[in-house]
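Going by our numbering, the residue at position 243 of the first sequence is 259; the numbering climbs one at a time, nothing skipped. All C-beta atoms in this analysis are idealised placements derived from N, C-alpha and C, irrespective of residue type, glycine included.
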Amino acid sequence: MVKRKADKLEGVPLTDEPRRTSRRISQPVKQTEFESEAEEPSPPPMKKTTKAKKAAANKNPETSVAPAGKMPSKAVKATKKPEKNGNNPDIPTSTTGQQFWLMKAEPESRFEKGHDIKFSIDDLAAKTIPEPWDGIRAYVGMFAAAPERGNSHAKRRTARNNLRAMKNGDLAFFYHSSCKVPAIVGIMEIVEEHSPDPSAYDSSKPYFDPKSSPDDPKWSIVKVEFRQKFETPITLTQLKAFRAEDDSPLKNMDMLRQTRISVSKVSEGEWNFLTAVVEKNGEKIYGR
DNA sequence: GCCAACGTTGGC
DNA sequence: GCCAACGTTGGC
Numbered sequence: 017m018v019k020r021k022a023d024k025l026e027g028v029p030l031t032d033e034p035r036r037t038s039r040r041i042s043q044p045v046k047q048t049e050f051e052s053e054a055e056e057p058s059p060p061p062m063k064k065t066t067k068a069k070k071a072a073a074n075k076n077p078e079t080s081v082a083p084a085g086k087m088p089s090k091a092v093k094a095t096k097k098p099e100k101n102g103n104n105p106d107i108p109t110s111t112t113g114q115q116f117w118l119m120k121a122e123p124e125s126r127f128e129k130g131h132d133i134k135f136s137i138d139d140l141a142a143k144t145i146p147e148p149w150d151g152i153r154a155y156v157g158m159f160a161a162a163p164e165r166g167n168s169h170a171k172r173r174t175a176r177n178n179l180r181a182m183k184n185g186d187l188a189f190f191y192h193s194s195c196k197v198p199a200i201v202g203i204m205e206i207v208e209e210h211s212p213d214p215s216a217y218d219s220s221k222p223y224f225d226p227k228s229s230p231d232d233p234k235w236s237i238v239k240v241e242f243r244q245k246f247e248t249p250i251t252l253t254q255l256k257a258f259r260a261e262d263d264s265p266l267k268n269m270d271m272l273r274q275t276r277i278s279v280s281k282v283s284e285g286e287w288n289f290l291t292a293v294v295e296k297n298g299e300k301i302y303g304r
């Protein structure tokens with residue numbers, strides 16, 4: 017499953033302090049053990065009216081690297097401790113602690129519960145505030161679906177658990193899935209670590225989950241910002257061809273081994289290999 | 001539209 | 001806690 021964009025949360029006011037501005041109802045927030053590090057739930061979604069703004073910002077989607085003003089992320093890069101999370105213990109994290117990820121979204125229209133979940137790299141590029149990566153749900157989140165079943169499930173690599181392992185400053189490939197040319201199309205940066213996913217609480221939303229509530233959130237979001245769109249995407253076909261080569265750095269790439277996971281880890285070696293492919297096309301890579 | 005892979009459920 | 005059956009994903 018991929019990022020679900022049916023929820024328009026982008027109207028949420030952007031403040032540097034974690035969202036606690038205008039919660040509609042002062043619900044007591046009981047964090048689950050999984051959410052204990054998370055901040056309070058986001059304020060309720062506010063409807064977005066910035067189609068025009070989006071179009072304007074989108075007029076140059078070929079821009080290969082984010083504007084200079086956006087480049088210095090507020091994220092701190094070098095101070096993270098190594099991830100001890102079990103989501104992929106066989107893949108070492110980099111020496112700086114920075115991690116790499118791959119997140120899928122569907123760039124072509126598809127409707128769920130009457131909402132178009134389409135979300136492309138251009139849609140992300142048009143955002144002016146950090147974008148909540150929401151709608152990560154079951155089928156890739158057994159841990160959340162059945163935490164009471166004990167910890168035999170806890171070590172599974174799930175999209176949600178990967179979301180929760182993300183740190184500010186981590187970079188992620190943006191992957192277009194369920195479309196004509198599935199491909200890695202760009203880079204985004206994690207700018208806000210996980211917090212409860214409010215799109216689970218609203219029964220009119222496609223990602224409503226009756227088991228999740230503000231008192232007991234089951235699902236998480238992170239927030240991301242656009243960093244780069246590749247002029248030449250790396251297609252799934254290429255990924256598979258690379259993997260087939262002898263001693264390929266992509267031999268164990270999560271997203272190729274476990275195609276159904278919507279948020280997967282990318283090792284440092286995989287990241288370096290793939291960004292080098294893009295560099296060979298003459299493109300600069302964000303963060304280099 | 002097909003179907004392989006694998007997450008999820010529920011019986012035991 | 002195991003595991004078979006079911007459901008979904010996602011590429012083709």
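- Only residues of its own chain outside the window of five on either side were considered, and among them F189, Y191, M271, S280, V282 have a CB closer than 6 Å to the CB of L118, listed in chain order.
- Taking P249 as the centre and dropping the five residues before and after it, the same chain places the C-beta of A199, I200, V201 closer than 7 Å to its C-beta, in chain order.
- By DSSP's assignment, H192 forms a beta bridge with A121, A199.
- Sequence-distant Cβ neighbours of E209 in its own chain, meaning closer than 7 Å and more than five residues away, are M182, K183, N184, V238.
- The beta strand (DSSP E) runs lying completely inside the stretch 219-257 and spanning 3 residues or more are 236-251, given in chain order.
- One thing to note: E241 has its Cβ within 9 Å of the Cβ of E147.
- Excluding five sequence positions before and after R126, the CB atoms of its chain that fall closer than 8 Å to its own CB belong to D132, I133, K134, S194, given in chain order.
- For F116, the secondary structure class from DSSP, reduced to helix, strand or coil, is strand.
- Residue pairing of V207 in beta bridges, as defined by DSSP: absent, with no partner found.
- Each residue's CA atom was taken as its position, placing A121 and I137 some 9 Å apart.
- Beta-carbon to beta-carbon, R180 and S236 are separated by about 6 Å, close enough to satisfy the 8 Å threshold.
- In terms of CA proximity to L252, M269 leads the group D263, M269, Q244, R243.
- Of the candidates Q244, K221, P214, S219, P214 places its Cα closest to the Cα of D231.
- Closest by C-alpha distance to E284, out of D186, A257, K143, is D186.
- With respect to the 9 Å criterion, R243 and E205 are classified as neighbours on the basis of their beta carbons.
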